[in-house]
Amino acid sequence: MKKVNYTISGFNALPMAADLSIPVNLSHIKGLVIYAHGINGFKDWGGMNKIAEEFSKQDWAFLKFNFSHNGTTPAHLEEFNDLAVYSKDTYLKRQFDLAQIFTFVDEILERDLGAAFKKVVLMGHSRGGADVILNAPKNARLNGLITWASVAHAKTPWSNLDPDEIDQWREKGVFYRPNSRTKQDMPIGFELFEEWQNNKANLDVEASARKIEIPWLIAHGDEDEAVFVKDAYTLKECNPEAKVAIIEGANHTFGRVHPYTGDVLPKHSQQLLEACFKFLAAL
Numbered sequence: 009m010k011k012v013n014y015t016i017s018g019f020n021a022l023p024m025a026a027d028l029s030i031p032v033n034l035s036h037i038k039g040l041v042i043y044a045h046g047i048n049g050f051k052d053w054g055g056m057n058k059i060a061e062e063f064s065k066q067d068w069a070f071l072k073f074n075f076s077h078n079g080t081t082p083a084h085l086e087e088f089n090d091l092a093v094y095s096k097d098t099y100l101k102r103q104f105d106l107a108q109i110f111t112f113v114d115e116i117l118e119r120d121l122g123a124a125f126k127k128v129v130l131m132g133h134s135r136g137g138a139d140v141i142l143n144a145p146k147n148a149r150l151n152g153l154i155t156w157a158s159v160a161h162a163k164t165p166w167s168n169l170d171p172d173e174i175d176q177w178r179e180k181g182v183f184y185r186p187n188s189r190t191k192q193d194m195p196i197g198f199e200l201f202e203e204w205q206n207n208k209a210n211l212d213v214e215a216s217a218r219k220i221e222i223p224w225l226i227a228h229g230d231e232d233e234a235v236f237v238k239d240a241y242t243l244k245e246c247n248p249e250a251k252v253a254i255i256e257g258a259n260h261t262f263g264r265v266h267p268y269t270g271d272v273l274p275k276h277s278q279q280l281l282e283a284c285f286k287f288l289a290a291l
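Whatever position you read off the sequence shown (first residue = 1), add 8 for the numbering used here.
Dropping the structure here:
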């Protein structure tokens, strides 16, 4: 496997660190998988380098990237050291970022490799699942979609706030959400709520799910403590043609933690990848 690092321009020209894992034999590449991380995540979180390697072994190129407003920087890929930028993250900014990723694939990546990808699959975890669902119906490049533990709405992370809490959020301009891993208080700017209020049709995840016409794998753990498995069934109801893989006993990260130092992925992550590879083989 060969790994190549890139920096891609995101929303407001903020840099998005990215890397591509390429199978050893370029002539055997079946296609490209593009991975979108979730909230409080980043491209290398919890063994994603190992996962990229496993996809490469299956002859799939694997591109993962940091969204422009995820709070990391190219100099600090695994630290949320720019909370001012983090506080301004929104769904539409991430949609812009995804469009930039596909421009990069079309104009730079395929040129560098000397060939076009026969198949392109978009994959997202948690809130990143909502991001890719919103992108998929309008993206002609896609041949498949995979979501891991995806939310079925565009209200992360404020969906549980009551009206009084939203009023306080509006008044202060920010609310703070603890990151249990880093012990940081993560700022969520009120722009996120205003964007949702003003763009409900464009941010309707269930409506987007109904419009998806490409093959889609919905994967979820039945012991997900962060995004309950009912969201997977909601998405399935929206798109009856989608395939569903429920991983018995799996949590929100399918057993992965960060940092992940093991040589072997957790059992539930292995089962997740088995479902993904079976899905990809049928494309």
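Built from N, CA and C at the ideal position, the CB exists for glycine as well. Only a predicted model underlies this, so the values are computations on that prediction, with no experimental measurement involved.
Check                                                                                                                                                : Outcome
Using beta-carbon positions only, say whether Arg264 and Gly79 come within less than 7 Å of one another.                                             : no
Based on Cα-Cα distance, which residue from Asp172, Ile196, Gln192 and Glu245 lies nearest to Phe183?                                                : Ile196
Can you find at least 3 beta carbon pairs, one from the segment 144-158 and one from the segment 189-207, that sit closer than 8 Å?                  : no
Using DSSP with H/G/I as helix, E/B as strand and the rest coil, what is Asp67?                                                                      : coil
What separation, rounded to the nearest whole angstrom, lies between the Cα atoms of Gly152 and Leu142?                                              : 14 Å
With a CB to CB cut of under 7 Å and the five nearest residues on each side skipped, what residues in its chain are close to Ile109?                 : Ile16, Ile42 and Phe73
Would you tell me roughly how many angstroms separate the C-alpha atoms of Cys246 and Asp172, rounded to the nearest one?                            : 32 Å
In the structure shown, what three-state DSSP assignment does Leu243 receive?                                                                        : helix
Taking the continuous alpha helix (DSSP H) assigned at Asp171, which residues delimit it?                                                            : The displayed chain sequence assigns Pro, not Asp, to residue 171. Looking at the DSSP string, the run of the alpha helix (DSSP H) that includes Pro171 is Pro171 to Lys180.
Would you be able to state if there are at least three C-beta pairs under 8 Å between the segment 118-135 and the segment 82-89?                     : no
Considering only residues of the same chain and omitting the five flanking positions on each side of Gly46, which have a CB-CB separation below 7 Å? : His133, Ser134, Arg135 and Gly136
Looking at Thr261: is its Cβ nearer than 7 Å to the Cβ of Ala160?                                                                                    : no
Expressed to the nearest angstrom, what Euclidean distance is found between the alpha-carbon atoms of Pro274 and Asn57?                              : 14 Å
Measuring only the C-alpha atoms, how far is Met131 from Thr81?                                                                                      : 22 Å
Out of Phe287, Met194 and Ala69, point me to the one whose CA is closest to Val93's CA.                                                              : Met194
Looking only at C-alpha atoms, which of Gln176, Arg185, Leu121 and Lys65 sits nearest to Phe285?                                                     : Lys65
Specify the secondary structure class of Ser277 as computed by DSSP and reduced to three states.                                                     : helix
What residue ranges within the segment 99-168 form continuous beta strand (DSSP E) runs of no fewer than 3 residues, ordered along the chain?        : 128-133 and 152-156
In terms of residues, what are the limits of the beta strand (DSSP E) holding Lys219?                                                                : Not the beta strand (DSSP E): Lys219 falls in the alpha helix (DSSP H), residues Val213 to Lys219.
Going by alpha carbons, who is nearest to Lys251 out of His36, Gln278, Ile226 and Pro267?                                                            : Ile226
Determine whether the beta carbon atoms of Met9 and Ser35 lie at a separation below 7 Å.                                                             : no
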